[in-house]
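Enquirer: Residue numbering for the sequence shown follows my numbering, beginning at 4 and increasing consecutively. Yeah, the Cβ is synthetic: ideal placement off N, Cα and C, and Gly gets one too.
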Amino acid sequence: MTIEFSHWSGDAGSPAPSRVSKLVVLIPALNEEQTVGTVVSAVPRRILGVSEVEVIVVDDGSTDATRDTALAAGADRIIAHRRNRGLVACFNHGVALALSRGADVVVHLDADGQHDPALIPHLVGPVVSGAADLVVGVRPLADAETGTFVRRHGNRFAAWLFRRMLKVPVRDVTSGYRAFSRETLLQLNVVGGYTYTLESLIQAARKRMVVVEVPIPAKRRSVGESRVTHSVRRYIGATGGQAMRTTLHTHPLAVFGRLSLAMLVAAVSCTAWFLAGYADGGMHLPALLASVLALVLSVSFFISGLIADGVNSNRRLLEDALYRIKRLEAQGEGLSGGDLGGVERITLQ
Numbered sequence: 004m005t006i007e008f009s010h011w012s013g014d015a016g017s018p019a020p021s022r023v024s025k026l027v028v029l030i031p032a033l034n035e036e037q038t039v040g041t042v043v044s045a046v047p048r049r050i051l052g053v054s055e056v057e058v059i060v061v062d063d064g065s066t067d068a069t070r071d072t073a074l075a076a077g078a079d080r081i082i083a084h085r086r087n088r089g090l091v092a093c094f095n096h097g098v099a100l101a102l103s104r105g106a107d108v109v110v111h112l113d114a115d116g117q118h119d120p121a122l123i124p125h126l127v128g129p130v131v132s133g134a135a136d137l138v139v140g141v142r143p144l145a146d147a148e149t150g151t152f153v154r155r156h157g158n159r160f161a162a163w164l165f166r167r168m169l170k171v172p173v174r175d176v177t178s179g180y181r182a183f184s185r186e187t188l189l190q191l192n193v194v195g196g197y198t199y200t201l202e203s204l205i206q207a208a209r210k211r212m213v214v215v216e217v218p219i220p221a222k223r224r225s226v227g228e229s230r231v232t233h234s235v236r237r238y239i240g241a242t243g244g245q246a247m248r249t250t251l252h253t254h255p256l257a258v259f260g261r262l263s264l265a266m267l268v269a270a271v272s273c274t275a276w277f278l279a280g281y282a283d284g285g286m287h288l289p290a291l292l293a294s295v296l297a298l299v300l301s302v303s304f305f306i307s308g309l310i311a312d313g314v315n316s317n318r319r320l321l322e323d324a325l326y327r328i329k330r331l332e333a334q335g336e337g338l339s340g341g342d343l344g345g346v347e348r349i350t351l352q
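The following block contains the structure:
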């Protein structure tokens, strides 16, 4: 699997060869009343190459004044979850509303103040100019100010693993500061239950999208700690498992084929061991049993790969149908809500 990737070095202030009608800034928030107002108010409303900028805050069941603070700071629309649904639900619901609102480009950033909204023009530059489908704002993970030692080097290891296994040379695969084109969001279907960052990159690679990275300095949280990475062990387990499942779903035949080949090599090796021992007058029954077991596993993995590949073909057809449905829904108001002081508030279960 390959992905077209480059490092963007264009100047955010240079003229863009194209222009987009609307940019939507999507900000998920959970009990961020102390920081969300600063983030919302810092979003630039006039960006070269963009006709209109709209801010949507997804309140993920906050029990504090996050919603009111975001509205007071200038948020255009609020999606309010009655209870905590998680980052993936926030991302999917926010994207659905952004597309129905006619967004040509969507920027996703956190409400905790780690991402500087003033750098949005630099982040969206490649998308606005048509040079990229997805832009990742990469943090300087070698800088101690970016985060703790474990988190920084854990992210660097994950990026190295992605480069080795998936040919996705992104230096910061878990960054939540990203810009997406409208067409990219119509093609992405994030179904994981923890975070969208890794899954969206894997899907982008499979769909041969153009991904560009932009260096973005990250700031430490001034209040509290990350709710996604507060437990490093849980974060690594959840994101690693999600990445493995996404890879298996997108390339099942390749995964099962390698496992089948490995078992076949083991079966041949054990058979050679048995024959060598038998020629010397010994039986070496453990080698024979190991050979039979490895051969059975090899055939099983191969058949599983064929079945999974057939399921994956159906998945591609379903994704194509879903893409067409999402395009139709995006042409109208996919979500509806009541008016609240000149802004729209949408409440979801």
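Measure from the alpha carbon of E216 to the alpha carbon of each residue in Y180, N87 and A73, then state which is nearest.
Expert: The residue given as residue 216 occupies position 213 in the sequence shown. Comparing Cα positions, the closest option is Y180.
Enquirer: Alpha carbon to alpha carbon, what distance is there between P47 and R310?
Expert: The residue you call residue 310 lines up with position 307 of the sequence shown. The residue you call residue 47 lines up with position 44 of the sequence shown. According to the sequence displayed, residue 310 carries Ile and not Arg. Approximately 50 Å, taken between the alpha carbons.
Enquirer: Could you name each continuous alpha helix (DSSP H) segment of 4 residues or more that falls completely within the segment 278 to 338, going from the start of the chain to the end?
Expert: Taking only runs of at least 4 residues, the alpha helix (DSSP H) segments lying wholly in the segment 278 to 338 are 288 to 333.
Enquirer: Does DSSP put E55 in a helix, a strand or coil?
Expert: The count along the sequence shown starts at 1 and reaches residue 55 at position 52. Of the three classes helix, strand and coil, the one that applies to E55 here is strand, per DSSP.
Enquirer: With DSSP run on the structure shown, which of helix, strand or coil describes L26?
Expert: Indexing the sequence shown from 1 puts residue 26 at position 23. Of the three classes helix, strand and coil, the one that applies to L26 here is strand, per DSSP.
Enquirer: By DSSP, does H118 sit in helix, in strand, or in coil?
Expert: For the purposes of this step, residue 118 is identified with residue 115 of the sequence shown, where counting begins at 1. Looking at H118 - three-state DSSP - the assignment turns out to be coil, as it is neither helix nor strand.
Enquirer: Given L251, which residues of its chain have a CB within under 8 Å of its CB, disregarding the five upstream and five downstream residues?
Expert: As a first step, residue 251 is located in the sequence shown; it is residue number 248 there, counting from the start. For L251, where only same-chain residues beyond five positions count, the Cβ hits under 8 Å are V258 and A311.
Enquirer: So which of L267, G77, V28 and V39 has the shortest CA-CA distance to F357?
Expert: The requested residue 357 does not occur in the structure, where the chain is confined to residues 4 to 352.
Enquirer: Tell me which residues share the same chain as L300 and place their Cβ nearer than 6 Å to its Cβ, disregarding the 5 neighbours each side in the sequence.
Expert: The sequence position of residue 300 within the sequence shown is 297, counting from 1. Closer than 6 Å at the Cβ level, and outside the excluded window around L300, lie M266.
Enquirer: Drop a sphere of 10 angstroms on the beta-carbon of A114, count the other beta-carbons inside from all chains shown, and report buried for 16 or more, exposed for fewer.
Expert: In the sequence shown, the residue the question calls residue 114 occupies position 111. With 16 or more other Cβ atoms within 10 Å, it is buried.
Enquirer: Classify D175 as helix, strand or coil using the three-state DSSP reduction.
Expert: Stepping through the sequence shown from its first residue, residue 175 is reached at position 172. In this structure, D175 counts as coil in the three-state DSSP scheme.
Enquirer: Between G40 and A76, is the Cβ-Cβ spacing less than 8 Å?
Expert: Along the sequence shown, one-based indexing puts residue 40 at 37. Along the sequence shown, one-based indexing puts residue 76 at 73. For G40 and A76, yes; Cβs fall inside 8 Å.
Enquirer: Tell me, which residues are paired with I349 by DSSP?
Expert: Indexing the sequence shown from 1 puts residue 349 at position 346. DSSP lists I82 as partners of I349.
Enquirer: Pair every Cβ in the segment 88 to 103 with every Cβ in the segment 51 to 69, then say whether three or more of these pairs are closer than 8 Å.
Expert: Taking 8 Å as the limit for Cβ pairs, the verdict is that the segment 51 to 69 does touch the segment 88 to 103.
Enquirer: Below 8 Å, how does it come out for the segment 47 to 60 and the segment 70 to 84: are there three or more Cβ pairs, yes or no?
Expert: Yes: the two stretches touch, three or more of their Cβ pairs being nearer than 8 Å.
Enquirer: Are the beta-carbon atoms belonging to V213 and A135 less than 8 Å from one another?
Expert: Numbered from 1 along the sequence shown, position 210 holds the residue referred to as residue 213. Numbered from 1 along the sequence shown, position 132 holds the residue referred to as residue 135. Yes, Cβ-Cβ distance for V213 and A135 is below 8 Å.
Enquirer: Rounded to the nearest angstrom, what separates L325 and T177 at their Cα positions?
Expert: In the sequence shown, residue 325 corresponds to position 322, counting from 1. In the sequence shown, residue 177 corresponds to position 174, counting from 1. Between L325 and T177, the C-alpha separation is close to 26 Å.
Enquirer: Would you check if there are 3 or more beta carbon pairs closer than 8 Å linking the segment 119 to 133 to the segment 91 to 98?
Expert: Contact between the segment 119 to 133 and the segment 91 to 98 is absent, because fewer than three Cβ pairs lie under 8 Å.
Enquirer: Buried or exposed, going by whether 16 or more other CB atoms sit within 10 Å of the CB of P289?
Expert: Taking the first residue of the sequence shown as 1, we reach residue 289 at position 286. By the neighbour-count rule (16 or more Cβ atoms within 10 Å), P289 is not buried but exposed.
Enquirer: DSSP on D67, reduced to helix/strand/coil?
Expert: Locating residue 67 in the sequence shown gives position 64, where the first residue counts as 1. DSSP places D67 in coil when its eight states are reduced to three.
Enquirer: Within 10 angstroms of the Cβ of S54, are there 16 or more other Cβ atoms? Answer buried if so, exposed if not.
Expert: In the sequence shown, the residue the question calls residue 54 occupies position 51. Counting Cβ neighbours within 10 Å, S54 comes out exposed, since fewer than 16 surround it.
Enquirer: Work out the CA separation of G280 and E322 for me, nearest whole Å.
Expert: Here the question's residue 322 lines up with position 319 in the sequence shown. Here the question's residue 280 lines up with position 277 in the sequence shown. Between E322 and G280, the C-alpha separation is close to 54 Å.
Enquirer: What would DSSP say about A182, mapped onto helix, strand or coil?
Expert: Along the sequence shown, read from residue 1 onward, the residue named residue 182 stands at position 179. Strand.
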